[in-house]
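Visitor: Got a structure for you, written out below as structure tokens; questions coming shortly.
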């Protein structure tokens with residue numbers, strides 16, 4: 012006679028096995044979509060990704076957003092792109108968060124909304140996305156969607172340009188020339204102490 016602990020383990024093992032069986036074909040379909048996309052066969056990529064996106068797979072939702080944003084395999088539709096990026100972004104997909112923020116930032120697919128742009132850039136920036144960090148720097152420098160704050164702006168510029176020379180590095184250095192020594196010291200301290208924050212949701216996020 013099996014003990015309660017063994018019965019529980021057996022149920023858990025069966026659950027894990029069933030999840031693997033469900034996930035593996037879905038991932039194979041996603042990779043098939045990637046291969047089609049790389050061959051510029053956008054219709055085939057759409058065919059593979061759309062069912063996965065509707066099932067809630069964040070990576071597929073992000074790719075579907077790109078297809079709509081770029082008009083690849085579908086008519087260009089920034090409003091649809093916003094919807095798919097938002098679904099993936101809500102699951103913690105950093106690239107979807109950046110793209111969603113950019114649509115709000117540049118008034119694509121709807122009205123311009125700097126506060127929403129800040130919200131989504133911040134979520135991606137907190138995961139270490141350098142583009143989001145540089146865009147946050149610009150929004151803080153200008154006071155778009157947030158109070159103007161040179162210390163915060165410099166911190167985000169510095170974090171976003173840590174990997175090399177980028178356009179953000181020019182803005183970072185120009186901003187530094189407008190700051191007091193105390194402001195600059197405070198901004199550099201914030202950048203040194205900054206740590207990535209964990210994702211709010213990993214429930215359905217998959218690579219990439």
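In our numbering, the protein residues as written are 12 to 219.
Backbone N, C-alpha and C fix where the C-beta goes; we use that ideal spot for every residue, glycine too.
(1) Return the CA-CA distance between residue 112 and residue 136, expressed in angstroms with no decimal places.
(2) Return the CA-CA distance between residue 187 and residue 165, expressed in angstroms with no decimal places.
(3) Does the beta-carbon of residue 59 have 16 or more other beta-carbons within 10 angstroms, so that it is buried, or is it exposed?
(4) Using the Cβ count rule (16 or more neighbours within 10 Å means buried), how would you classify residue 191?
(5) Please work out which residues of its chain come closer than 6 Å, Cβ to Cβ, to residue 98, disregarding the five sequence neighbours upstream and downstream, and give them in chain order.
(6) Let me know if residue 183 comes out buried or exposed under the rule of 16 or more other beta-carbons within 10 Å of its beta-carbon.
(7) In or out: residue 185 buried (at least 16 other Cβ within 10 Å) or exposed?
(8) At 4 residues or longer, what runs of the alpha helix (DSSP H) sit wholly inside the region 66-113?
(9) Counting only runs that start and end within the region 145-188, where is the beta strand (DSSP E) found for 3 or more residues in a row?
(10) Give every residue of the same chain whose Cβ lies closer than 7 Å to the Cβ of residue 48, excluding the five residues on either side of it in the sequence, and list them in chain order.
(11) Residues in its own chain within less than 6 Å of residue 74 by CB, not counting five upstream and five downstream?
(12) Please classify residue 134 as buried or exposed, where buried requires at least 16 other C-beta atoms within 10 Å of its C-beta.
(13) Between residue 51 and residue 155, what straight-line distance do the alpha-carbon atoms span, to the nearest angstrom?
(14) Kindly indicate which three-state DSSP category residue 130 falls into: helix, strand or coil?
(15) Check this for me: beta carbons of residue 163 and residue 151, under 8 Å apart or not?
Guide: Considering the structure as presented:
(1) To locate residue 112, count along the chain shown from 1; it is residue 101. To locate residue 136, count along the chain shown from 1; it is residue 125. Answer to the nearest angstrom: the Cα atoms are 11 Å apart.
(2) What you label residue 187 is simply residue 176 of the chain shown in a count that begins at 1. What you label residue 165 is simply residue 154 of the chain shown in a count that begins at 1. Cα to Cα, the separation comes out at about 7 Å.
(3) Here residue 59 corresponds to residue number 48 of the chain shown, with the count starting at 1. Classification for residue 59: buried.
(4) In the chain shown, the residue the question calls residue 191 occupies position 180. Residue 191 counts as exposed, since fewer than 16 other C-beta atoms from the protein chains shown sit within 10 angstroms of its C-beta.
(5) The residue given as residue 98 occupies position 87 in the chain shown. Within the same chain, 72 come within 6 Å of residue 98 by CB-CB distance, once the 5 residues on both sides are set aside.
(6) The count along the chain shown starts at 1 and reaches residue 183 at position 172. The residue is buried, with at least 16 neighbouring Cβ atoms inside 10 Å.
(7) Here residue 185 corresponds to residue number 174 of the chain shown, with the count starting at 1. Exposed, by the Cβ-count rule.
(8) 69-81, 89-100
(9) none
(10) In the chain shown, counting from the first residue as 1, residue 48 sits at position 37. Sequence-distant Cβ neighbours of residue 48 in its own chain, meaning closer than 7 Å and more than five residues away, are 56.
(11) For the purposes of this step, residue 74 is identified with residue 63 of the chain shown, where counting begins at 1. Counting only Cβ-Cβ distances below 6 Å, and skipping sequence neighbours, we find 60.
(12) If you number the chain shown from 1, residue 134 lands on position 123. It counts as buried.
(13) Your numbering for residue 51 matches position 40 in the chain shown. Your numbering for residue 155 matches position 144 in the chain shown. Each residue's alpha carbon lies about 37 Å from the other.
(14) Reading the chain shown from its first residue, position 119 is the one you call residue 130. Residue 130 falls in the helix class under three-state DSSP.
(15) Locating residue 163 in the chain shown gives position 152, counting from the first residue. Locating residue 151 in the chain shown gives position 140, counting from the first residue. Yes, Cβ-Cβ distance for residue 163 and residue 151 is below 8 Å.
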